[in-house]
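**Student:** My questions will all concern the structure given below.
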Amino acid sequence: MSETVKLVIDGKPCTCEKGDYLLEVAQRNGIRIPRMCYHEGLSGLGACRVCIVEVVEAGRSRVVTSCIYPVLSEIEVFTQNEKIKELRGMVLTLLARLAPNAEGVAKMAAKTGIELPRLAVKEGGDTCILCGRCVSACEALGSGAIAKVNRGVTKEIATPYGEPSSECIGCGSCAFVCPTDSIASERTEESFTIWGREFEMQRCSVCGMPFTTQAAFAFLQAAQAEWEPGAEQQPPLCEECGKKAVARQIANAGKYL
Amino acid sequence: MSETRTLLVCCGTGCLANHASEVADALEAAVAAAGVDAVVGVEASDAATVKRTGCNGFCENGPIVKVHPDDISYYKVRPKHAEKIVASLGGEPVKALLYRNDEKQLVTRQLDNPFYASQRKIALRNIGEIDPLVIEDYQERGGYVVLERIIREAVPPETVIQELIDSGLRGRGGAGFPTGIKWKTAAGYARGGGADADGGQLPAFVCCNGDEGDPGAFMDRSILEGDPHGVIEGLAICAYAVGAEQGFLYIRDEYGLALKNVSAALASAEERGFIGDDILGTGRKLHLEIVRGGGAFVCGESTALMQSIEGQLGEPRAKYIRSAQRGLWDYPTVLNNVETLVNVPYILACGGAEYAKLGTARSSGTKVFSLVGKVNRTGLIEVPMGATLRHLIFDIGGGIKNDRAFKAVQTGGPSGGCIPEQYLDLEVDFDGLTEKGAMMGSGGMIVMDDHDCMVEVARYYVGFLAEESCGKCTPCREGLRHMQAILTDITEGRGQPGDIELLERLGHTLQQASLCELGKTAPNPVLSTIKYFRDEYEAHITAGVCPAGVCPELTDFYIDAEACTSCNACKKACPTGAIEGDKERAYVIDMALCISCGSCRAACRFDSVCTRGKARGKAAAGAGTSAEGKVAS
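Protein chains in written order, with our numbering: chain R, 981 to 1237; chain Y, 11 to 643.
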């Protein structure tokens, strides 16, 4: 039995289940906290610090990261008071200097009104904001083709030793979740190229459309075999044909009810 | 004299580097060679034994050899002195190897040495007195008595924890969290008292944090090397108190001797049944395992350390839920620092209330500091909490080298702060240091004199942290990069108006918005030096002058002919051959060859090498007349 907790966000009384993450609670109540590394499908990274808010609990105030902050007790939350505006503005400014070519970041940073020309753009900085979403997605899928390497100011996202990774299946999830479109990939009818590797495309067994890489499809089949040993292997189906197949199954099942 | 003598040879890392091992070999050979003649009426083997101990703390005067029971301490012992020492046993000590105190008198006993006189050794109680590889040595000094009593008498864990709470012991790794409370919380969650537990006993873990990484700090290394059983007993008591059957000692891989001694100690403790599958025949279990740290400073942070033990990337996580509730593999976990753990058996032996009498009201007990920098006596010291900085630096440390002026003391490691002269009478404890913008940290204490540039000091630490930050969160990684760039600009003469305010603004962003304590405290070296030495920053930026005469791009060196004694020390020290002069001709620096490294000034004993603002290049352009005068000697 879960417990209900009361909280106030920007003056609005809300409730949530104990342990819910603050960013999501706010969202459900119509308050959108700016964010960058948060992704609803990946567990909280807490890396970009854009979603910081001020939490006052029993008179004690502190700045927390709303995407990973579990609401455990009665609190009052400020998502855009002066203090948070300044801190979030500074964080966005820092991100804009790190990734000068990331348009979304530049837009958000411009809105903060903070202009600090003294802070130099990072040498070689392009669009990556080092949030780690891509690494998290790769891990979540059960692969480990890319990782955060080095530490401190030299941190970067890379394959092992910067060489094409044998772990990579060309699924493209990393590029899909990237908030700044920073991961270069190239897709043609026949092939998909990412992280220095070229993959052959897998065509749908029904309509013939290329829909994923052969390596990614083989990976999924292997994973399925692990979850459901002995289950019948599914033929390669694109999203559209897959839906149709499922719909047919449901329709057929209903026939005998 | 027919008493058996023990020759304790300090074989800590510092002394080993000074050939302590050869000294011990030579002493053993000398004892064997001297035979019965050395000590009348006793067989040679019984007359004297040589023991290799851990670090005595006074490393710059090592290797140290102590003679027991006569209580004689010898310093800077070389293998060639071995015969003399053995021959003197039972008679007059070897005068040439004794320490001279500030009044130039010879001191024989360790406690008469001003470096040791006011120390109170609790965490370091066994170090230098026992051979860390011999478990009996530890037991002879009361080791494992507490653990054995607790286990045999089945003392309730709550009683053990209450004793710790009563002692007021706070974590010695830096944060100063009350140890007993941490144990109590973890024990509560492990027993099923947790909010989201179903009432059953959960597995719990205990860890020892031996990932000491502060530059210039070596207290944990010394303890692990010199008293590994003390740490193991502390960890075993902790495991008993919280109900853990598995524990880890996370030790950085660079600490070779510590790893060796702890491994050996674990094996002998298991052999005696103090840890293992059936502790002292009671059926209790405790497995302790060493995990080697891969050399990342940030892995000393508790959550990054646990990530590392789990085999993950050493990045911290948010601590909205504490490790005592969900730590290793999401189970209740206690992580204590080496120095904290080694205090535990002592506290339980003497009683928490007794221990709490030591130190200050909110910081009980003693603290080990590594006192280094521009003091006459450097080394590892242990004093009761509340000792003043003045006492540490001027009484124990013997004052500033070459009688220069004290400028600041940097405490708490790279993310600590610099405390200026006006607070020399500050009583050192957790809260006192934090109030002044510094921190206790693990106990590093670097003393600086008027030849240290505070902007350069800040730049150095920020550079260290920029490299050692894990790089996960934006404010810490990016903020430090910008702070490093701005500080480098200032020290190289490219500072701009507004830089100080920008550094403060970045600093506040890091303090508030960073993920972990590394980021939150990383601006301390900058903010504390701006707070106390703002004029020095301003001099760099507006006048283009480094008042301490350190930053090469802003500093010219010259020799004051009147003060010069033609001793030739500066000429010898100069790496580029820029100094000309001899007894007949005045010493001068050829500015075309000089790289402003400051070696000449460091070598000069007569204050005749002086500095002034740079007379050429971009930096001097805005310097004007203020740069011309003698700004520091």
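No residue lacks a Cβ here, since even glycine has one placed at the ideal position from N, Cα and C.
#1: Between which two residues does the beta strand (DSSP E) harbouring Asp176(Y) extend?
#2: How would you list, in chain order, the residues of chain R whose beta-carbon sits under 9 angstroms from the beta-carbon of Tyr547(Y)?
#3: Taking only the alpha-carbon atoms, compute the straight-line gap between Ile1174(R) and Leu267(Y) and give it to the nearest angstrom.
#4: Kindly indicate which three-state DSSP category Ala205(Y) falls into: helix, strand or coil?
#5: Drop a sphere of 10 angstroms on the beta-carbon of Trp339(Y), count the other beta-carbons inside from all chains shown, and report buried for 16 or more, exposed for fewer.
#6: Where DSSP assigns a beta bridge to Ala1164(R), which residues make up the other side?
#7: Looking only at its own chain, which residues have a Cβ that is under 6 angstroms from the Cβ of Asn66(Y), when we skip the five neighbours before and after it?
#8: Pull out every residue of the segment 292-320 of chain Y whose Cβ sits closer than 8 angstroms to any Cβ of chain R, in chain order.
#9: Under a CB-based cut-off of 8 angstroms, is Leu1074(R) close to chain Y?
#10: Taking the runs of the beta strand (DSSP E) that are 3 residues or longer, which of them lie wholly in the segment 1145-1210 of chain R?
#11: Quick one: is Cys483(Y) near chain R, going by C-beta distance under 8 angstroms?
#12: Spatial neighbours of Val1085(R) within its chain, please: C-beta separation below 6 angstroms, excluding the five flanking residues on both sides.
#13: How about Asn1061(R) and Glu1034(R): do their beta carbons lie closer than 8 angstroms?
#14: Alpha carbon to alpha carbon, how far is Ala133(Y) from Ala43(Y)?
#15: Closer than 8 angstroms by beta-carbon distance: list the chain Y residues that pair up with Lys1128(R), in chain order.
#16: How far does the beta strand (DSSP E) with Asn271(Y) in it extend, from its first residue to its last?
#17: Just the C-alpha distance for Glu243(Y) and Ser373(Y), rounded to the nearest angstrom, thanks.
#18: Name the residues in the segment 1050-1070 of chain R whose C-beta lies less than 7 angstroms from a C-beta of chain Y; which are they?
#19: Mark Lys624(Y) as exposed unless 16 or more other C-beta atoms lie within 10 angstroms of its C-beta, in which case mark it buried.
#20: Report buried or exposed for Trp1207(R), applying the criterion of at least 16 other Cβ atoms within 10 angstroms of its Cβ.
#21: Using DSSP with H/G/I as helix, E/B as strand and the rest coil, what is Pro424(Y)?
#22: State buried or exposed for Arg615(Y), treating a residue as buried only when at least 16 other CB atoms are found within 10 Å of its CB.
#23: How many whole angstroms separate the CB atoms of Glu311(Y) and Glu527(Y), which I take to be in contact at a CB cut-off of 8 angstroms?
#24: Within the same chain, show all residues whose beta-carbon is closer than 7 angstroms to that of Thr1160(R), passing over the 5 residues directly before and after it, in chain order.
#25: Output yes if chain R places a C-beta closer than 8 angstroms to the C-beta of Arg487(Y); else output no.
#26: What number of angstroms, rounded off, separates the C-alpha of Lys986(R) from the C-alpha of Val1044(R)?
#27: List the endpoints of the continuous alpha helix (DSSP H) containing Asn1232(R).
#28: Buried or exposed, going by whether 16 or more other CB atoms sit within 10 Å of the CB of Ala1231(R)?
#29: Mind checking which residues open and close the alpha helix (DSSP H) that includes Asp509(Y)?
#30: Would you check if there are 3 or more beta carbon pairs closer than 8 angstroms linking the segment 307-326 of chain Y to the segment 270-285 of chain Y?
#31: What does a CB cutoff of less than 8 angstroms around Ser479(Y) pick up in its chain, not counting 5 residues either side in sequence?
#32: In angstroms with no decimal places, state the Cα-to-Cα distance between Ser232(Y) and Glu514(Y).
#33: For Glu1206(R), would you say it is in contact with chain Y, using Cβ-to-Cβ distances shorter than 8 angstroms as the test?
#34: What number of angstroms, rounded off, separates the C-alpha of Glu466(Y) from the C-alpha of Leu1096(R)?
#35: Specify, as a first and last residue, the run of the alpha helix (DSSP H) that Pro535(Y) falls within.
#36: Would you say Thr1160(R) reaches chain Y, if we count a Cβ-Cβ gap shorter than 8 angstroms as a contact?
**Tutor:** Well, looking at it:
#1: Where Asp176(Y) is concerned, there is no enclosing beta strand (DSSP E), although the alpha helix (DSSP H) it sits in stretches over 167-177.
#2: In chain order: nothing, as chain R lies at least about 15 angstroms away.
#3: 46 angstroms
#4: Annotation note: pLDDT 47 at Ala205(Y) (below 50); position unreliable, no value reported.
#5: exposed
#6: DSSP, once it has assigned bridges, lists no residue as partnering Ala1164(R).
#7: Cys20, Ile74, Gly138
#8: Ala306, Val308
#9: yes
#10: 1165-1167, 1171-1174, 1177-1183, 1190-1193
#11: yes
#12: Leu1075, Ala1076, Ala1079
#13: yes
#14: 37 angstroms
#15: Leu323, Glu325, Gly481, Lys482
#16: Asn271(Y) -> not in any beta strand (DSSP E); alpha helix (DSSP H) instead, spanning 266-281.
#17: 23 angstroms
#18: Pro1050, Leu1067, Met1070
#19: buried
#20: exposed
#21: coil
#22: exposed
#23: 6 angstroms
#24: Ala1079, Ala1082, Gly1084, Val1085, Thr1107, Cys1108, Ile1109
#25: yes
#26: 18 angstroms
#27: 1219-1235
#28: exposed
#29: 509-523
#30: no
#31: Val308, Cys486, Arg487, Leu490, Leu528, Gly529, Ala532
#32: 37 angstroms
#33: no
#34: 24 angstroms
#35: 534-548
#36: no
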